[in-house]
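Visitor:
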Amino acid sequence: MIENATATYSLTLNVQPTGNVTITPSSSDTALATVSAPLVFTQANWTTSQSVMVSGVDNPISNADVSLNLTHTIAGGNYDNTLIANVALSVTDNDTIGIRASNISSVTTETYRTATFTLVLDTQPTAAV
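Just so we're aligned: the sequence shown equals residues 1419 to 1547 in my numbering.
1) Between which two residues does the beta strand (DSSP E) holding A1425 run?
2) Below 7 Å CB to CB, which residues in the same chain sit around S1480 once its five sequence neighbours on both sides are set aside?
3) Name the one or two DSSP bridge partners that S1446 has.
4) By Cβ distance, which residues of its chain are closer than 8 Å to M1419, with the 5 residues on each side in sequence left out?
5) Nearest by alpha-carbon distance to T1440: which of Q1434, V1470, A1493, N1477 is it?
6) What is the C-beta distance between T1460 and N1438, in whole angstroms, given that I count them as a contact (C-beta under 8 Å)?
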């Protein structure tokens, strides 16, 4: 998934619950990706898939692509302590390191040449530049 994008995956129960079942997804690093609110399955909708939305968090810093886990807790309806597999997620950075020059002007005379310009960083630095 690209930083600042969204993705979804679906969850479905495989056995009718005895009551409401709440599945709470969570991200191992919310600075990189967040997940939607808990899902609630009932005795009436337990066969219908429900989607978890994952949102990549955008930041202005160019950094390496990262991997994280999306985990789940489940409670209620005789599903307490049931294990749900983690979802592995790779987040690809959308920032590119670079410098742009703009407002270039020059003056030429017989004795010297000068130029003025502005340099702009394409991404936020992590230290002094």
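Where a beta carbon is used, it is the ideal one built from N, C-alpha and C, also for glycine.
Given the structure is predicted, the values throughout are model-derived calculations rather than measurements.
Guide: Considering the structure as presented:
1) Here residue 1425 corresponds to residue number 7 of the sequence shown, with the count starting at 1. Counting along the chain, the beta strand (DSSP E) containing A1425 begins and ends at 1424 to 1429.
2) Working through the sequence shown from its first residue, we reach residue 1480 at position 62. Counting only Cβ-Cβ distances below 7 Å, and skipping sequence neighbours, we find D1511, D1513, T1514, I1515, T1541.
3) Here the question's residue 1446 lines up with position 28 in the sequence shown. Looking at the DSSP assignment, S1446 forms no beta bridge with any residue, so it has no partner.
4) Taking the sequence shown and counting its residues from 1, the one referred to as residue 1419 is at position 1. For M1419, where only same-chain residues beyond five positions count, the Cβ hits under 8 Å are A1425, A1451, V1472, G1474, L1507, S1508, V1509, T1510.
5) For the purposes of this step, residue 1440 is taken as residue 22 along the sequence shown, with counting starting at 1. Selected option, being the one with the closest Cα: A1493.
6) Counted from its first residue, the sequence shown places residue 1460 at position 42. Counted from its first residue, the sequence shown places residue 1438 at position 20. About 5 Å separates the two Cβ atoms, so the contact holds.
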